[in-house]
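First up is the structure itself, then whatever we jot down about it.
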Amino acid sequence: MCALYPRTEALPGIEDTDLDGFLRELRSEAPLLLRFGLFVAALVFHLTPLFTIGRPFPAFLLPKEQLDRHAARLGECQWYWIKQAIFLLKLACGLCWGRNPVVRERMGLAPYGPDSNGWRQK
Amino acid sequence: MRGTHVSFRSAVEPAFEAEADVVVVGSGAGGGAFASYLARQGLVVGVVEAGPWIEPEQYPHSVYGAMRDLMDDWGMQVTLGRAFWPIVQARVVGGTTVINSAICVRTPADVFDRWEREFGIGRGSGRGRLAERVWMHQEALEKELSAEEVPLEALGRSNALAMKGARALGYESHYMTRYVERCAGSGQCLQGCRKRRKRSVNVVWIPEIIERGGFIVSCAPVESVTFEGRRAVGVRGRFLHPKTRERGSSFQIRAKRAVVLAASPTKTPLILWQSGLRHPAIGRFFRAHPGTGVFGVYEHEVDHNIGATQGWSTLAFRDRLGIKLETLHIPLELVASRLAGGGRTLMERLARYRFFAMWCHSIRAESVGRIHRTFFGKGIVRYTLNKEDMRRLREGVYLVARTHFAAGAQSVIPGIGGMPFEIGPHEVERIREASLDPRAYVAILSHLFGGAVMGADPRSSVTDEGGRVRDCDGLLVVDASVIPSVLGVNPQHTIMALARCFAEELLGG
Ligand SMILES: Cc1cc2nc3c(=O)[nH]c(=O)nc-3n(C[C@H](O)[C@H](O)[C@H](O)COP(=O)(O)OP(=O)(O)OC[C@H]3O[C@@H](n4cnc5c(N)ncnc54)[C@H](O)[C@@H]3O)c2cc1C
Ligand code: SF4
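Which chain is which? The protein sequence lines are V and F, in order.
Using my numbering, you'd call the opening residue of the first sequence number 1 and step up by one each time.
Using my numbering, you'd call the opening residue of the second sequence number 123 and step up by one each time.
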């Protein structure tokens, strides 16, 4: 996730947001199918550097610059199943990154209030 | 029981039982319009809804919260076919009216002509009568739901730019009329209008139904309709906790006069099957208006999340090409999934977010899909666009891109696989040569039709033209499932007015 949305000069990366809290929420709340999809997508991300940048290592072992090249190329991949997997991963990352108040401020958006998680019981 | 709301009951509580004159399953556009009409005629209406009742002040702010709290299956249902395109619907009191943009368009006359020609609808009651009744109800609904053109102060730059582009190209377009009273332009329609400006079913009709002596049962997915002989006499199911998914106690609600299904095109067919009905047309003739979006990149900040979520539209290409263009403010959280790339490349693209304007189009697709029931009782939708519809989808991208350029965009991001990430004005014709493979597009389905269609032919239609289910008594379908064709315009106004026509017929009016 950090490789897909890294910190740059212009913007905070996903590592600057409460990623752990988000993953905890996702684990406890998201439906099984979504969690499974994300697990598969993460596997795809880690197991494909050979095809994107010709390195026979899982993505988590790549140095920073190579990891970035891998993320960029995978994000452009047109092979449908891979494209869908990365789409899902980027969507999940976006849910965490885009609700962060610092990111929102940089984008000229008001911060979100807390989600109430409530409903009418009466 | 009258005038109340009942929510989740745990499995240790006794089974819940109630009785109403009419039981309506689903509280969205169709169910809400139908139930409120009957409640005004003095009937006791019980509305049974699978999702929870969430007040606007409790709506989540974030997209994560909206997916979790408001959407059916977290918005993760997809079509099964050549491509996996998301099918977005809500699961909450108020149905999809809670998360839609409230755009209100009267049913075009050609829709009724087609219904009569192809499905024999309207013949029985005299030509033109259904059209006139629908339009009469639409006129009343517009007053009831405060249909208003987006006020100038709520437009934001994106909607205004689209108007500028259309004018430069010389085609007719307009600012949207929506069921919204004094829009504040917060751009949050898809997460629910926390400001209560959008007149969704949960805000307007559900409180009225309760006030008039009806009742609402929420967190209560109906499993099946119960029958005595051929007559539908009620519904049953089991409460479901909206957060923990824990199954609660069972419920049974009896209907003295009729049971009415309005659970949406993907769910109503399932309830019909689970109730033992086996009409061969159940689940068939599923149709949709697939749509996709195109970013324009401007020299100056557009801040497209400020202003009405969908404030501009054109019907100029509807009749000839079957394409409708609209603006659409896509929340920040969802932008990256629409941009190719990852890592620093993606972040550089995201850094230009404030200069983007997202406009989209939806097509009047003639492709037909089918709803199936899996072994586990869940519904799946098989649907793939044919070549002709894919040409429409691609042409829509081209029209949106041209409008962006006419409005002054420096480049557009067509979002079609195999094309460059970004193209300039001199490259716009390249879109017309882009792939016609559905896998090259990120489209979504938000306007759904069919699955329990109405018609004159008893073999190919599940209901007659009054929404009455064949082969049984006292069972109606009043949501988008009955609509046998695509409309080419936003559907909720048609769904609501049609539901009101059916309600009138039930009362013998
Ligand atoms: C993002 C988005 C934006 C849109 N914008 C517009 C717009 O601006 N204008 C427009 O005209 N249309 C718009 N639409 C489409 C429009 O909202 C829908 O076509 C319309 O709401 C469908 O009405 P319905 O009654 O068929 O179903 P819904 O409104 O979806 O209602 C169905 C209800 O039934 C409930 N239900 C399902 N299963 C069960 C069960 N087993 N038991 C009990 N209850 C059940 C669901 O929880 C839901 O509340 C939009 C749709 C989306 C997704
Ligand atoms: S733009 Fe904002 S204020 Fe206007 S209807 Fe949508 S959510 Fe409500």
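Where is the CB? At the ideal position from N, CA and C, for every residue including glycine.
Three-state secondary structure (DSSP) of residue i
i	result
GLN199/F	coil
PHE497/F	coil
ALA3/V	coil
TYR297/F	strand
HIS363/F	coil
LEU134/V	Since the first and last residues shown for chain V are 1 and 122, residue 134/V lies out of range.
ARG249/F	For ARG249/F, the predicted structure reports a pLDDT of 43, less than 50, and the residue's modelled location is therefore unreliable. The matter cannot be settled from this model.
SER603/F	helix
ALA59/V	helix
GLY148/F	coil
CYS623/F	helix
VAL102/V	helix
HIS422/F	coil
PHE138/F	strand
GLY573/F	coil
TRP119/V	coil
ARG236/F	helix
HIS183/F	coil
CYS482/F	strand
SER371/F	strand
Near ligand 2: residue i beta-carbon under 6 Å from a heavy atom
i	result
ARG319/F	yes
CYS226/F	no
THR219/F	no
SER308/F	yes
ALA430/F	yes
CYS96/V	no
VAL302/F	yes
CYS311/F	yes
CYS305/F	yes
Span separating the alpha-carbon of residue i from that of residue j
i	j	result
PRO182/F	VAL608/F	32 Å
LYS389/F	VAL344/F	10 Å
ARG352/F	LYS378/F	14 Å
VAL166/F	GLU517/F	49 Å
ARG204/F	GLU275/F	43 Å
ARG367/F	LEU23/V	19 Å
ALA438/F	ILE445/F	8 Å
ARG249/F	ALA137/F	In this prediction, ARG249/F scores a pLDDT of 43, lower than 50, which makes its location untrustworthy; the coordinate-derived value is nonetheless stated afterwards. Whole-angstrom Cα-Cα distance: 48 Å.
ALA269/F	ARG162/F	21 Å
GLY164/F	ARG622/F	15 Å
PRO101/V	GLU448/F	29 Å
ARG360/F	SER346/F	10 Å
ILE221/F	PHE57/V	44 Å
GLU350/F	LEU628/F	20 Å
THR496/F	PRO580/F	26 Å
MET298/F	SER322/F	16 Å
PRO387/F	GLY501/F	10 Å
LEU43/V	ASP68/V	17 Å
LEU570/F	SER603/F	8 Å
LEU277/F	LEU74/V	38 Å
PHE417/F	ILE331/F	42 Å
VAL326/F	VAL169/F	14 Å
PHE234/F	ILE617/F	13 Å
ARG358/F	ASP194/F	20 Å
VAL522/F	GLY530/F	13 Å
GLU65/V	ALA3/V	10 Å
ILE605/F	GLU455/F	34 Å
Within chain A, the residues that residue i reaches when beta carbons sit closer than 7 Å
i	result
ASP68/V	Any reference to chain A falls outside this structure, whose protein chains are V and F.
Supposed close pair residue i, residue j - CB separation, criterion 8 Å
i	j	result
VAL503/F	THR201/F	5 Å
GLY307/F	ALA151/F	Contact doesn't hold; Cβ gap of about 24 Å is too wide.
GLY405/F	GLY148/F	Between GLY148/F and GLY405/F the Cβ distance is about 17 Å, and since that is not below 8 Å, they are no contact.
ASP632/F	ALA403/F	Residue 632/F lies beyond the residue range present for chain F, which begins at 123 and ends at 631; the question has no answer from this structure.
ARG633/F	GLY370/F	One cannot answer for residue 633/F here, as it falls past the ends of chain F, which runs 123 to 631.
PRO178/F	ARG300/F	Incorrect: roughly 16 Å between the Cβ atoms, too far for contact.
Ligand 1 heavy atom lying under 6 Å from the CB of residue i
i	result
GLY405/F	no
HIS451/F	no
GLY150/F	yes
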